[in-house]
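Asker: Below: one structure in structure tokens.
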Ligand SMILES: Cc1ncc(COP(=O)(O)O)c(C=O)c1O
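In the UniProt record's numbering, the protein residues as written are 1 to 433.
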């Protein structure tokens, strides 16, 4: 029996058995189809089973299934590293491979910490984070995630960090309006730096969108100010592009949209478009140079067994190629306009029941007004999920936040169905059906 992730073990719901997938569709044993409106946890950016990605993986399997990456190298890992360094504007110098978003972020944290240790600045060991942030499920990444139902029970195991109120342009933590604010939400962080000028190792950020924390959007100026502050005080900027990378915000990477220069970035999810588990951490020249030392204890000792798997690298290379061949950034802009239109119609229909509608790139959000019940444990969540799936659409709201993160090339018919299913479901719930 499987212990399914994020699933209550007390009276667990029966999972849906999927036997095949194509484009935005998943198919169950009985042949029913479901629109995957969340790209299976935000990975399938080109839809499922894209023939070019599958072919690239098959071709690679015929040549080399796997080889360890310490003391050995191979063409797919080398080509992918080169490609990643190119599409990130030459800001980075080295690519470290791993298998999932959590490990990619974990590597960022360890590199940032050891960067200062290697240079004798051992007091620089504090990481700053936002209270709605999420960076993964390992002990290290839970430590830099906001205090939430996901990590609270482990609080005594987590390393100490400094938490700040997240920026949130829909519900500003300091009561400002996005068009007139001066990023006052960052003031507390700047004050912390003024009081502790040499203690901070780095700021760990989900750029522009706090995903699992409720699809919270904030403006680019926040990142620009954080970049300025971190540079002024010699701290590092650790940018987690696990969700936002590979076109999700309408740019290849969110850091490019915000015009900032991170010291480290983490990528996963869209990297292989969901075809294989692979993740990377990119380090700037500054970071790498602190590890170019003769002493054995100054090396970076981190490497997962399947690191840089050739088949996964081949999938990622094929996916990046598709980003250009299929003009994915243009697809995302079209999708953005279409989601705005579709979600605003729903907002008008259920005006007083909707707290907020927001769209950025290929992320569309409809936040329900549920008063004090809002948040991840919103009790209506289970009913929403059930009704969506019964109507043939995979949507997994985060508490009272319904979001759509479809494959970039999703068809107009599927989009129409998603909007219709949301409308019908809300109508049923609010009429008590
Ligand atoms: C921003 C961000 N970072 C890290 C992770 C963790 O990635 P994984 O689930 O692949 O470990 C996630 C997963 O949702 C994420 O959204």
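Cβ atoms here follow ideal geometry from the backbone N, Cα and C, with glycine treated the same way.
Among 328, 181, 1, whose alpha-carbon lies nearest the alpha-carbon of residue 251?
Answerer: Ranking the options by Cα distance to residue 251, first place goes to 328.
Asker: Here's the rule I'm using: 16 or more other beta-carbon atoms within 10 Å means buried, otherwise exposed. How should residue 73 be labelled?
Answerer: By the 10 Å Cβ count, residue 73 comes out exposed.
Asker: Apart from the five residues just before and just after residue 398, which ones in its own chain have a Cβ nearer than 7 Å to its Cβ?
Answerer: Counting only Cβ-Cβ distances below 7 Å, and skipping sequence neighbours, we find 212, 214, 215, 376.
Asker: Pull up the DSSP beta-bridge partners for residue 48, would you.
Answerer: DSSP, once it has assigned bridges, lists 23 as partnering residue 48.
Asker: Go through the region 331 to 417 residue by residue and report every complete run of the alpha helix (DSSP H) that reaches 4 residues or more, in order.
Answerer: Listed in chain order, the complete alpha helix (DSSP H) runs (minimum 4 residues) inside the region 331 to 417 are 381 to 390.
Asker: Does the beta-carbon distance from residue 314 to residue 76 come in below 9 Å?
Answerer: The answer is yes: Cβ separation under 9 Å.
Asker: Given this structure, state the Cα-to-Cα distance separating residue 137 from residue 341, to the nearest angstrom.
Answerer: Taking the straight line joining both Cα atoms gives about 35 Å.
Asker: With DSSP as the reference, label residue 292 as helix, strand or coil.
Answerer: In this structure, residue 292 counts as coil in the three-state DSSP scheme.
Asker: How is the alpha helix (DSSP H) around residue 319 delimited, first residue to last?
Answerer: That run of the alpha helix (DSSP H) goes 310 to 325.
Asker: Is residue 243 near ligand 1, going by C-beta to nearest heavy atom under 8 Å?
Answerer: Yes, Cβ of residue 243 sits closer than 8 Å to a heavy atom of ligand 1.
Asker: Who are the near neighbours of residue 265 in its chain, counting only those whose CB is closer than 6 Å to its CB and skipping five residues on each side?
Answerer: Excluding sequence neighbours, residue 265 sits near 239, 241, 282.
Asker: Roughly how many angstroms separate the alpha carbons of residue 230 and residue 257, rounded to a whole number?
Answerer: When rounded, the distance between both Cα atoms is 19 Å.
Asker: So, helix, strand or coil for residue 65, using DSSP?
Answerer: Looking at residue 65 - three-state DSSP - the assignment turns out to be coil, as it is neither helix nor strand.
Asker: Pop quiz: residue 272 and residue 319 are said to be a contact at Cβ under 8 Å. What is the actual Cβ separation, rounded to whole angstroms?
Answerer: Sure, about 6 Å apart at Cβ, within 8 Å.
Asker: Where does residue 420 fall in DSSP's three states?
Answerer: Helix at residue 420.
Asker: Would you mind listing the alpha helix (DSSP H) stretches within the region 186 to 221 that are 4+ residues and don't spill past its ends, in chain order?
Answerer: With a minimum length of 4 residues, the continuous alpha helix (DSSP H) runs that stay inside the region 186 to 221 are 187 to 195.
Asker: Figure out for me which residue from 192, 195, 194, 184 has the closest Cα to the Cα of residue 223.
Answerer: Of the listed residues, the one whose Cα sits closest to residue 223 is 184.
Asker: Suppose the cutoff is 7 Å on Cβ atoms and the five residues either side in sequence are ignored; what does the same chain contact list for residue 364 look like?
Answerer: Excluding residues within five positions, the ones whose Cβ falls inside 7 Å are 339, 343, 403, 404.
Asker: Return the bridge partner residues of residue 129 from the DSSP annotation.
Answerer: Answer is 163.
Asker: Starting from residue 28, follow its DSSP beta bridges and name the residues at the other end.
Answerer: 18, per the DSSP bridge assignment.
Asker: Relative to the C-alpha of residue 195, which candidate in 10, 162, 253 has its C-alpha closest?
Answerer: Closest option to residue 195, Cα to Cα, is 162.
Asker: Name the residue from 367, 407, 391 whose alpha carbon lies nearest to the alpha carbon of residue 334.
Answerer: Selected option, being the one with the closest Cα: 407.
Asker: Roughly how many whole angstroms lie between the Cα atoms of residue 336 and residue 219?
Answerer: Approximately 17 Å between the Cα atoms of the pair.
Asker: Indicate, with yes or no, if ligand 1 has a heavy atom lying under 8 Å from the CB of residue 105.
Answerer: Because some heavy atom of ligand 1 lies under 8 Å away, the Cβ of residue 105 counts as near it: yes.
Asker: Look at the Cβ atom of residue 97, then the Cβ atom of residue 287, and state whether they are nearer than 9 Å.
Answerer: Cβ distance not < 9 Å, so residue 97 and residue 287 don't count as in contact.
Asker: Given the structure, does residue 100 come close to ligand 1, in the sense that its CB is under 8 Å from one of the ligand's heavy atoms?
Answerer: Yes, Cβ of residue 100 sits closer than 8 Å to a heavy atom of ligand 1.
Asker: Please classify residue 310 as buried or exposed, where buried requires at least 16 other C-beta atoms within 10 Å of its C-beta.
Answerer: Flag for residue 310 reads buried.
Asker: Out of curiosity, what's the CA-to-CA distance linking residue 393 and residue 366?
Answerer: Approximately 16 Å between the Cα atoms of the pair.
Asker: Considering only residues of the same chain and omitting the five flanking positions on each side of residue 105, which have a CB-CB separation below 6 Å?
Answerer: Once the five neighbours on either side are set aside, the close Cβ partners of residue 105 are 135, 136, 141, 240, 266.
Asker: How do the region 115 to 123 and the region 191 to 206 stand: do at least 3 beta-carbon pairs fall below 8 Å, yes or no?
Answerer: Cβ pair count under 8 Å is three or more, so yes.
Asker: Would you say the beta carbon of residue 269 comes nearer than 8 Å to a heavy atom of ligand 1?
Answerer: Residue 269: yes, Cβ under 8 Å from ligand 1.
Asker: I need the boundaries of the alpha helix (DSSP H) containing residue 107, first residue and last residue.
Answerer: First-last of the alpha helix (DSSP H) with residue 107: 101 to 118.
Asker: I'd like to confirm something about residue 135: is its beta-carbon nearer than 8 Å to some heavy atom of ligand 1, or not?
Answerer: Yes - ligand 1 has a heavy atom lying nearer than 8 Å to the Cβ of residue 135.
Asker: Check the C-beta distance from residue 270 over to residue 237 and give it rounded, since I have them as a contact under 8 Å.
Answerer: That belief does not hold up - the Cβ atoms of residue 270 and residue 237 are roughly 21 Å apart, past 8 Å.
Asker: In whole angstroms, what is the alpha-carbon distance linking residue 112 and residue 205?
Answerer: Their Cα atoms are separated by approximately 13 Å.
Asker: If you pair each beta-carbon of the region 172 to 179 with each one of the region 153 to 161, do three or more pairs fall below 8 Å?
Answerer: In short, these stretches do not touch, since the Cβ pair count stays below three.
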